[in-house]
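What follows is one structure encoded as structure tokens, with my remarks underneath.
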Amino acid sequence: HYSGALFKKLVPESYRKSYNNANSIDSIGTGSIDDSLPFAVTEGPNRTPLIQARYLDEYRSFTPTQILAMILSNIKKIAKHNLKMEILDCCIGIPVYFTVLVRREVLDTATIVNLNPLCLLHETTATTLAYGIYKMDLSEMDPLNVVFVDIGHANMQ
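FYI, the numbering for the sequence shown is -6 to 150, going by the working numbering.
Have a look at this one:
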């Protein structure tokens, strides 16, 4: 599924491009990002990447933030259906390289879709917690070295 890869690649890109100076390299259109995605990416106002997608039987342009809002709304809907209760509080996993501006955008987007983000959690931290919570045979005396690698769809941390 390309949604996560899309957001991880394009949201940081939109902020990089917003604050880009004239002497830096421009990624959109050079093949570094847009050639690896199964949809067209164009440049919008303020150099924001726009994702071209078919929605309600016509092609439209969406910002990465709008795509994230759609993803979060859909996840919320699925959770509500499966749990038979309204979902408000959430923790959101993000890549470690997201900047403060991108993190703020993620939090704001969650709020827009009526979620209450309790925290943003690095994906590698979430992996570590999942390991530690279910690992019952950890010794308090003997050290144990464990390596966590996030090999995602779009990148590796």
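All C-beta atoms, glycine included, are put in the ideal place defined by N, C-alpha and C.
Keep in mind the model is a prediction, meaning the values are calculated, not measured.
Residue nearest to E116 within the set Y127, F55, K70, C84 is C84 (criterion: CA-CA distance). Take L43, set aside five residues on each side of it, and the residues of its chain with a beta-carbon closer than 8 Å to its own are V34, T35, E36, G37, S54, F55, T56, in chain order.
One alpha carbon belongs to K70, the other to P136, and they sit about 43 Å apart. Under the DSSP definition of a beta bridge, G86 partners with L114. For R47 and N109, the gap between their C-alpha atoms comes out near 29 Å. For the set V99, T118, A72, M63, the Cα lying nearest the Cα of V89 is the one of T118. In this structure, L49 and T102 do not form a Cβ contact; the two beta carbons are roughly 21 Å apart against a cut-off of 8 Å.
Scanning T121, L131, P31 for the CA closest to the CA of F141 turns up T121. For E98, the enclosing alpha helix (DSSP H) has its first and last residue at 93 to 105. Between A62 and V106 the beta-carbon gap is near 5 Å, inside 8 Å, which marks them as a contact. Its Cα nearest to that of C112, the residue G86 stands out among E79, G86, Y124, N39. In this structure, R96 is the residue among R96, L131, K77, H74 with its C-alpha nearest to the C-alpha of L114. Distance from the CA atom of R40 to the CA atom of P31, rounded to whole angstroms, is 21 Å.
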